[in-house]
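Numbering (the numbering used here), first residue to last: 442 to 841.
Beta carbons are placed, not taken as given, at the ideal position from N, Cα and C, and that holds for glycine.
Since we're looking at a predicted model, the values are computed, not measured.
Report on the structure given below.
What follows is the structure, given as structure tokens:
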């Protein structure tokens, strides 16, 4: 039998967890609401500033064409778009070539080839793309990111401050059509937007994500470009850390970047979450346990096992409060409401992430873009398979 004298001590972890989550919720929702108000005000006009977008591609992602069109139709000048994939026959490059003919507005470079000696496959590609960048500010953008009208105009003026070396956007994920996609989108928004802002406001720490990572070319040159992050699994975070160590200021943009994720499977979801969790555990072991603090639903479930009606009601109240906060945050932060059929996914998502947290403690390897890697100290990754021969980069240029 359960000892009733200690019944309420079981409730302490869940109450503390909900309080921590509520604090992060208040800070994030307040921050996004205030930035939305400021974004509606007129901004001072600045002189023309060139922007180069480095767009890394790998396969025909979901809604890739619409994502690419959003950049090709960007209302900014001068703008250079550098698209690249490791494989010259990658279907994404074929699509880019077709769209480039239809959208002759901006300067476009199409590059293929990557150095297989660089463990991180995205960095191996970015090194080739960077050689063709012509402008002072560079945006690192993944294939599933979609640009919204006016987004460049809201972020680029932050570089008018000569001390700013990097700007990053909170990330929101939208477009879910399957349960695994809903789990991923809610989790991504929660971590890369919700808790990113909370971490910044509470602890003063930057947790940078490459979905919308803008960097000044001089700051990038000061840290030797991407040379130092080629063996890092979390290259975006490591690059931001090096830029800060070089004396540059890092800022958070007031406009989030959207990524589109629609039809995920459980296998792809698990592979990605275990890889990311494994990297976070190795990069910052002391902070990794704090992730459990912001996941109140798993802590509430033991209350149901006590057999006490009051604690069962408390558990139900905690779960409902967490779900309501996340539904509200999804609407306010993403700008897109969560479909009613996915509301019940929230407790499932929290239990799933809770389980992944523990599994990642023992994970030694991961698969990323078709290659197998071993986790190393400090978030480094070591390929376990034999790299393919290097492919010489090819560039196809077209001036605007």
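Pull up the DSSP beta-bridge partners for residue 738, would you.
Residue pairing for residue 738: DSSP places it in no beta bridge.
Would you kindly work out how many angstroms separate the C-alpha atoms of residue 497 and residue 565, rounded to a whole number?
If you draw a straight line from the Cα of residue 497 to the Cα of residue 565, it is about 10 Å long.
Return the chain-ordered ranges of every beta strand (DSSP E) run that is complete within the region 592-666 and spans a minimum of 3 residues.
605-609, 612-615 and 654-657, all fully within the region 592-666.
Which residues in the same chain as residue 574 place their Cβ atom closer than 8 Å to its Cβ, once the five residues preceding and following it in sequence are excluded?
Exclusion of the five residues before and after residue 574 leaves 493, 495, 521, 523 and 658 as the residues of its chain whose Cβ lies within less than 8 Å of its Cβ.
Roughly how many angstroms lie between the CA atoms of residue 483 and residue 594, to the nearest whole one?
Residue confidence is low: residue 483 scores 45 on pLDDT, short of 50, so the model does not pin down where it sits. No coordinate-derived value is stated.
Can you give me the Cβ contacts of residue 610 inside the same chain, cut-off strictly under 6 Å, excluding the 5 residues immediately before and after it?
Here the set comprises 653, 694, 697 and 698.
Residue 582, enclosing beta strand (DSSP E) - first and last residue
Per DSSP, the unbroken beta strand (DSSP E) holding residue 582 starts and ends at 578-583.
Given a cut-off of 8 Å, decide if residue 732 and residue 560 are closer than it, judged by their beta-carbon atoms.
Their beta carbons are not under 8 Å apart, which means residue 560 does not touch residue 732 by this criterion.
Are three or more beta carbon pairs between the region 663-678 and the region 622-642 nearer than 8 Å?
No, the region 663-678 is not in contact with the region 622-642.
Roughly how many angstroms separate the alpha carbons of residue 651 and residue 677, rounded to a whole number?
Their Cα atoms are separated by approximately 5 Å.
Candidates 583, 821, 741 and 571: closest to residue 661 by CA position:
When C-alpha distances from residue 661 are compared across 583, 821, 741 and 571, the shortest belongs to 571.
My output table needs one value for residue 749: the three-state DSSP class, helix, strand or coil.
It is coil, neither helix nor strand.
Using only alpha-carbon positions, find the residue among 797, 536 and 528 that is nearest to residue 508.
Nearest option by C-alpha distance: 536.
At least one CB of chain D closer than 8 Å to the CB of residue 681: is that the case?
No chain D is part of this structure, which consists of one protein chain only.
Give me the Cα-Cα distance between residue 782 and residue 764, rounded to the nearest whole angstrom.
Cα to Cα, residue 782 sits roughly 13 Å from residue 764.
Return yes when the Cβ of residue 554 is within less than 8 Å of the Cβ of residue 527, no when it is not.
Yes, Cβ-Cβ distance for residue 527 and residue 554 is below 8 Å.
Between the C-alpha atoms of residue 754 and residue 712, what's the straight-line distance to the nearest angstrom?
About 36 Å.
For a quick check, are the C-beta atoms of residue 813 and residue 802 less than 8 Å apart?
Between residue 813 and residue 802, the gap from beta carbon to beta carbon reaches 8 Å or more.
Check whether the Cβ atoms of residue 625 and residue 683 lie closer than 8 Å to each other.
For the 8 Å CB-CB criterion, residue 625 and residue 683 do not form a contact.
Given that a residue counts as buried once 16 or more other Cβ atoms are within 10 Å of its Cβ, and exposed if not, what is residue 590?
A residue is called buried when at least 16 other Cβ atoms come within 10 angstroms of its Cβ; residue 590 does not meet this threshold and is exposed.
Just to confirm the assignment, what range does the beta strand (DSSP E) spanning residue 548 have?
Counting along the chain, the beta strand (DSSP E) containing residue 548 begins and ends at 548-553.
Within the same chain, show all residues whose beta-carbon is closer than 7 Å to that of residue 750, passing over the 5 residues directly before and after it, in chain order.
Hits under 7 Å: none found.
Residue 785 by DSSP, collapsed to three states: which one?
In the three-state scheme derived from DSSP, where H, G and I count as helix and E and B as strand, residue 785 is classed as coil.
With DSSP as the reference, label residue 483 as helix, strand or coil.
Caution is warranted here: a pLDDT of 45 is assigned to residue 483, below 50, making its placement in the model unreliable, and no coordinate value can be reported.
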